[in-house]
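Reading through the structure tokens given below for one structure.
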Amino acid sequence: MLTVIDGTGDANGLTYRRNMTGGMCDRLAKAYKGRYYRGPVLDGHDTFDIAESAYRDIRADAALGRQPLFLAGHSRGGAAVIRVAQWLKRDGVSVEAMFLYDAVDRTFNPFVDVQIVPSNVKRVYHARRSGEIVDYFSKAAEDTAKELRVFLLKKGHKSREVEDKRKLAQKYGRLDDAMKLRMRSSNGFFESPSIDFGNCGVGLEDNPKGYKEEFFLGSHGAIGGSFIGAQDGAWQNPADALLFQQIANADKAAVSSVSAWMAKAFDETALKLHGGVRTEAR
């Protein structure tokens with residue numbers, strides 16, 4: 354039995370599938386015939402609703418208790434499968450292994466703690482993003498945002514020059530957020546602060562030896578199988594264009610490295626011996 358909950362994405366189902374097809378969770382569910390759930394919407398309010406659906410489906414599955422159970426999740430989907438495991442622990446149900454792709458806790462529920470994986474999970478494999486890329490675009494993001502504010506004060510909102518500055522500031526801000534795993538308001542670039550995401554699932558209760566993690570030089574998206582996309586040709590300076598290309602190359606390499614590392618984890622847990630029929634659960 355394999356239950357997979359994917360990462361955060363667009364509320365529109367068709368757009369979500371287009372964006373997430375080929376990602377780590379999608380490929381895992383296809384390769385090992387797991388039950389696949391789409392991840393939460395952008396604000397994450399439905400994270401534990403998805404977890405509850407997955408939990409109920411597991412409890413209703415006739416194979417429970419006859420086959421080993423595996424859980425996997427990317428981003429907030431990682432938080433969701435940890436919550437599933439917590440409910441299963443309450444029921445006395447064990448989990449053979451959990452596979453996490455840069456699991457993050459941004460669920461807006463102060464009463465739920467998913468920092469540590471519960472002890473009913475025998476083994477945890479967590480692929481995490483490296484912190485080395487965190488500050489690559491910090492200064493440029495600050496500088497371009499400051500320059501935009503100056504132009505807005507001097508020239509208002511309508512000039513072509515201001516619009517160019519706005520686009521540049523937005524690009525650097527989004528790159529900075531991608532490196533730091535943050536999300537800005539969709540209503541406006543400067544209307545609200547960024548929302549920071551911290552990792553969860555960073556240990557295994559009562560069994561530290563059962564927890565394995567590996568850090569990869571790549572963005573949050575790359576850990577889940579989606580590397581940073583191409584950017585337009587506008588840069589603050591030529592050096593930034595070269596820097597971005599280095600990051601983009603590292604991101605692509607991270608996708609391959611994560612896939613290879615997790616493949617070894619699947620072999621260690623004999624996941625391939627327990628495949629069934631893949632289903633789209635949500």
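Counted from 1, the sequence shown has number 606 at position 253 by my numbering; the numbering is strictly sequential.
Even glycine gets a Cβ: it sits at the ideal position worked out from N, Cα and C.
### Task
Report the rounded CA-to-CA distance for G484 versus L570, giving the unit in angstroms.
Each residue's Cα considered, the two are about 8 Å apart.
### Query
Okay, do the stretch 582–593 and the stretch 449–463 touch, 3+ Cβ pairs below 8 Å being the bar?
Here the stretch 582–593 does not lie against the stretch 449–463, with fewer than 3 beta-carbon pairs under 8 Å apart.
### Query
Would you say the stretch 394–411 touches the stretch 612–629, given that touching needs at least three Cβ pairs under 8 Å?
No, the stretch 394–411 is not in contact with the stretch 612–629.
### Query
What residues in its chain sit with their C-beta under 6 Å from that of F550, if we drop five residues either side in the sequence?
Closer than 6 Å at Cβ, skipping near neighbours: V457, R459 and L534.
#### Entry: Residues of its chain near A606, where Cβ-Cβ distance is below 8 Å and the 5 sequence neighbours each way are ignored
If we look at A606 and ignore the five residues flanking it on each side, its Cβ neighbours are L570 and G571.
#### Entry: Q584 to S428 span [Cα, whole Å]
Going from the Cα of Q584 to the Cα of S428 covers about 23 Å.
### Query
Counting pairs of Cβ atoms below 8 Å between the stretch 430–444 and the stretch 468–481, do you hit three or more?
They touch, by the three-pair rule.
### Query
Is it right to say S579 is buried, meaning 16 or more other beta carbons lie within 10 angstroms of its own, or is it exposed?
By the neighbour-count rule (16 or more Cβ atoms within 10 Å), S579 is buried.
#### Entry: For Q309: DSSP bridge partner residues
Nothing about residue 309 can be read from this structure; the chain reaches only from 354 to 635.
### Query
Relative to the alpha-carbon of K520, which residue among E621, A498, D529 and R481 has its alpha-carbon at the smallest distance?
For K520, the nearest C-alpha among the options comes from A498.
### Three-state secondary structure (DSSP) of M377
Note: M377 maps to helix in three-state DSSP.
### Task
Consult DSSP for A364 and reduce its assignment to one of helix, strand or coil.
Residue state, collapsed to three classes: coil.
### Query
Would the beta-carbon of V446 fall within 9 Å of that of L417?
For the 9 Å CB-CB criterion, V446 and L417 form a contact.
### Query
If you count every other CB in all the chains shown that lies within 10 Å of the CB of G397, and 16 or more means buried, which is it?
So G397 counts as buried.
### Task
Quick one: give me the first and last residue of the alpha helix (DSSP H) that E516 is part of.
Where E516 is concerned, the enclosing alpha helix (DSSP H) starts and stops at R513 to K533.
### Endpoints, the alpha helix (DSSP H) within which R476 is located
Secondary structure note for R476: it is in no alpha helix (DSSP H), with a DSSP letter that is neither H nor E.
### Query
F568 bridges to which residues according to DSSP?
The partner list for F568 (beta bridge, DSSP) reads R481.
### Query
Is A480 closer than 9 Å to Y525 when the C-beta atoms are compared?
It is not a contact, given that the beta carbons lie outside the stated cut-off.
### Query
What separation, rounded to the nearest whole angstrom, lies between the Cα atoms of A486 and D530?
Ala is not the amino acid found at residue 486; the sequence shown has Ile there. In a straight line, the C-alpha of I486 is about 11 Å away from that of D530.
#### Entry: Pairwise C-alpha distance: G554 and G563
If you take the alpha carbons of G563 and G554, they lie about 13 Å apart.
### Message
Using a 10 Å radius around the Cβ and a threshold of 16 neighbouring Cβ atoms, would you call S539 buried or exposed?
### Response
Residue placement at S539 is poorly supported in this model, since its pLDDT is 49, which falls under 50; the coordinates still yield a value, given next. Its Cβ having fewer than 16 others within 10 Å, S539 is exposed.
### Message
Assuming contact is defined by CB atoms lying nearer than 9 Å, are Y389 and L624 in contact in what I supplied?
### Response
In this structure, Y389 sits away from L624, with a CB-CB distance that is not shorter than 9 Å.
### Query
So, helix, strand or coil for V448, using DSSP?
Residue state, collapsed to three classes: strand.
### Message
Give me the residue from E495, Y489 and G577 with the minimum Cα distance to A594.
### Response
Out of E495, Y489 and G577, the CA that lies nearest to the CA of A594 is found in Y489.
### Message
Taking DSSP's pairing of strands, which residues face G426 in a bridge?
### Response
Beta-bridge partners of G426 (DSSP): I358 and L453.
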